[in-house]
Amino acid sequence: MFNLLGALVSTKVASTVGKGIISVPNNHEGLVVVFAAVIGAIVWNLITWYFGLPSSSSHALIGGLVGAALASAGDVQWHGVIEKVIIPMVLSPLVGFSAAFLLMLILLWVFRRGNPRRLNVGFKYGQWVSSAAMAYGHGLQDAQKSMGVITLALVVTHHLHAFVVPLWVKLACALAIAAGTYSGGWRIMRTLGRRVFKMDNSGGFTAQTVASTVLMTTAYAYAAPISTTHVITSSVMGVGATRKLSAVRWGVAGNILMAWVLTLPMAGLVAAGAFGVIHLFIR
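For reference, each letter of the sequence shown is one residue, going 2 to 284 in this note's numbering.
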């Protein structure tokens, strides 16, 4: 429900993805670029899903856009890529890790003399609120990236004369992300909830509170398409680091980090290859 709600309240991030990353011609060539970008993102997402790695679908999509645009000799707006993608990609996990670490320390100190059983029940109810906030931030960020790509496709095919996200696109993307979340992603859930660090209610509350705050702040204030995956994963690591460094399985964290680093270039390469193949058939 909150994924659905978050997807309907703003289009700032959609505008950044659709207008601030690449420029493509308003013809069939532009539509091929958009299609190849989506193919690149989907293929990379499926690969990382298969291995249970929480990589960023957001950065896969942006990498796909850049790769397809370069393959078509299109215009990549590097200033927008660096300012809206690369810098937030680096900073947001650092903010998530440090803020979750500090908030968890504060909660541990404030409730150090509390009854563990009562506190566990209290944080369990608190997670209803933090989970709703996290879902809202997820819809606010991730659904808009799809809106941006669909609206870009409508512009290049002259179905729209200006970049304005239609209501039906908002509804389609909102329903899709809500349905996707409802259907579950158990491999990735197990990685985040168990394999990185065995979460409890207080840790889950802390990680979700921090991550949702970062997601909403960057969406509303900066229109930056940051990765929900990066932020929540780094927040989970920050919570785990407060217990003891060995509580975090750094080998798993290293695999996740490698997937993060590879996402932009690999999705771009797949998209560039897809553009080349599609272009052969439409000549």
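Using N, Cα and C, we set each Cβ at its ideal position, and we do this for glycine too.
Put simply, the backbone Cα of Glu84 is about 45 angstroms away from that of Pro117.
Taking 8 angstroms as the cut-off, the beta carbon of Trp50 is found closer than this to the beta carbon of Ile189. Under DSSP, Ser24 forms a beta bridge with Asp76.
Sequence-distant partners of Gly123 (beyond 5 residues in either direction) whose C-beta falls short of 7 angstroms from its own C-beta are missing from its chain. With respect to the 8 angstroms criterion, Leu104 and Thr230 are not classified as neighbours on the basis of their beta carbons. Here Lys146 has Val18, Ser59, Leu62, Pro226 as same chain residues with Cβ atoms under 6 angstroms from its own Cβ, once five neighbours each way along the sequence are excluded. If you look at Lys245, you'll find it isn't in any alpha helix (DSSP H); DSSP assigns it neither H nor E.
Note on Tyr137: 16 or more other CB atoms within 10 angstroms of its CB, so buried under the neighbour-count rule. Closest in C-alpha terms to Leu258, from the list Lys199, Gly241, Ser235, His280, comes Ser235. Ala268 places its beta carbon less than 8 angstroms from that of Gly41. Approximately 5 angstroms separates the beta-carbon atoms of Ile23 and Leu66; this is inside 8 angstroms, confirming the contact. Three or more Cβ pairs drawn from the region 21-38 and the region 71-85 lie within less than 8 angstroms of each other, which places the two stretches in contact. Judged by DSSP in its simplified three-state form, Ile178 adopts helix.
With respect to the C-alpha of Ala173, the residue from Glu30, Thr152, Ala163, Val157 having the closest C-alpha is Thr152.
For Arg119, the enclosing alpha helix (DSSP H) begins and ends at 117-139.
If you ignore the 5 residues before and after Ala144, its C-beta comes within less than 6 angstroms of the C-beta of Ala8, Cys174, Ala175, Ile178, all in its own chain and listed in chain order. The region 155-232 is shown to contain whole alpha helix (DSSP H) runs of 4 or more residues at 168-184, 187-191, 202-218, in chain order. In summary, Met148 is buried, with 16 or more beta-carbon neighbours lying within 10 Å of its beta-carbon over all protein chains present. Contact between Val150 and Val39 holds, with the beta-carbon distance rounding to 6 angstroms and staying under 8 angstroms. The alpha-carbon of Leu71 is positioned some 54 angstroms away from that of Leu120. The residue among Ile87, Thr264, Ser203 with its C-alpha nearest the C-alpha of Val237 is Ser203. For Lys245, the closest of Gly97, Phe102, Val215 by C-alpha to C-alpha distance is Phe102. In the structure shown, Thr49 adopts helical secondary structure according to DSSP, grouped into three states.
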